[in-house]
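S.K.: What follows is a single structure, and I will ask about it in a moment.
There are 2 protein chains.
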Amino acid sequence: MKARVFITLKNGVLDPQGKAIHHALEALGFSGVNDVRAGKMIELDLADATSEADIEDMCRKLLANTVIENFRIERLESAA
Amino acid sequence: MKARVFITLKNGVLDPQGKAIHHALEALGFSGVNDVRAGKMIELDLADATSEADIEDMCRKLLANTVIENFRIERLESAA
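Heads up: the sequence lines are chains A and B, in that order. Using full-length UniProt numbering, you'd call the opening residue of the first sequence number 1 and step up by one each time. Using full-length UniProt numbering, you'd call the opening residue of the second sequence number 1 and step up by one each time.
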C-alpha cells in the first residue's frame with residue numbers, strides 16, 4: 001500500500017523558504033504571485049496491514065513537528 | 001487562485017533523505033515500511049489570470065530541477 005503524507009507549516013509560522021521562492025519568482029519576472037508556502041511530501045510504501053492510526057503515529061513521532069506543522073495523510077490503495 | 005506543485009525525485013535517483021527517514025522509522029519500531037521517498041510541496045497563491053502554462057514555466061525555471069525531479073501541478077480554483 002502506498003501513502004502520501006503532506007506536511008505544511010501552520011498559519012502564522014514564518015516561512016523563510018517560501019519567502020525566498022516568492023522573491024526568486026518575482027526576480028524571474030513572474031507577476032501575480034501573492035504568496036508562496038513551502039511544504040514537504042513524503043511517499044511511503046507500506047505493508048498492506050498498516051492502519052491509518054499507524055501512519056498518524058509515524059507523523060506525530062517523526063515526520064512532522066506538530067508544534068509548527070500540520071500533516072495530512074492520503075492513502076493510495078494498491079490495486080489488488 | 002491557489003495552486004500546489006508537487007516535486008518528486010525521478011525513479012532511479014538516489015534519495016538519501018528518504019533513506020534516512022526509512023531508517024529512523026525502523027529505529028522507532030515501525031515495521032512494514034518498504035520504502036520512503038521524500039519530496040516537496042509548494043503552495044502558490046496566484047492572481048486568477050495565471051495560466052497553467054505560467055505555473056509550468058515557474059516549475060521549469062525555478063521550482064523543480066527537471067534533470068532529476070518530476071513535478072505535478074494541482075490547481076485549486078478559488079470559490080468566486
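Even glycine gets a Cβ: it sits at the ideal position worked out from N, Cα and C. Computed from a predicted structure; not experimentally measured.
Starting from G39 of chain A, find everything on chain B with Cβ-Cβ shorter than 9 Å and list it in chain order.
M.R.: The CB of G39 of chain A comes closer than 9 Å to the CB of R4, K40, M41, I42 and E43 in chain B, given here in chain order.
S.K.: In this structure, does DSSP put K10 of chain B in helix, strand or coil?
M.R.: Coil at K10 of chain B, not helix or strand.
S.K.: By the 9 Å beta-carbon criterion, what residues does the stretch 53-64 of chain A contribute toward chain B?
M.R.: D54, D57, M58, K61, L62 and L63
S.K.: CA-CA distance, G32 of chain B and A49 of chain B?
M.R.: 46 Å
S.K.: Just reading off the beta strand (DSSP E) that A38 of chain A is part of, what are its end residues?
M.R.: Annotation for A38 of chain A: the continuous beta strand (DSSP E) segment containing it runs V33 to L46.
S.K.: Using the C-alpha atoms, what's the distance from R72 of chain A back to E43 of chain A?
M.R.: If you draw a straight line from the Cα of E43 of chain A to the Cα of R72 of chain A, it comes to about 12 Å.
S.K.: Mind checking whether G46 of chain B and A3 of chain B have CB atoms under 8 Å apart?
M.R.: Checking the displayed sequence, the identity of residue 46 of chain B turns out to be Leu instead of Gly. Result yes, Cβ atoms of L46 of chain B and A3 of chain B sit closer than 8 Å.
S.K.: Is there a Cβ from chain A that is less than 8 Å from the Cβ of V67 of chain B?
M.R.: Not closer than 8 Å to any Cβ of chain A, the Cβ of V67 of chain B fails to qualify, so no.
S.K.: In the DSSP output, what is I55 of chain A paired with across the bridge?
M.R.: I55 of chain A is not bridged to any residue.
S.K.: What do you reckon, are the CB atoms on T8 of chain B and E69 of chain B nearer than 8 Å?
M.R.: yes
S.K.: Just to confirm the assignment, what range does the alpha helix (DSSP H) spanning I73 of chain B have?
M.R.: Careful: I73 of chain B lies outside any alpha helix (DSSP H), inside the beta strand (DSSP E) at E69 to L76.
S.K.: Is it the case that the Cβ atoms of D57 of chain B and R37 of chain B are separated by a distance below 8 Å?
M.R.: no
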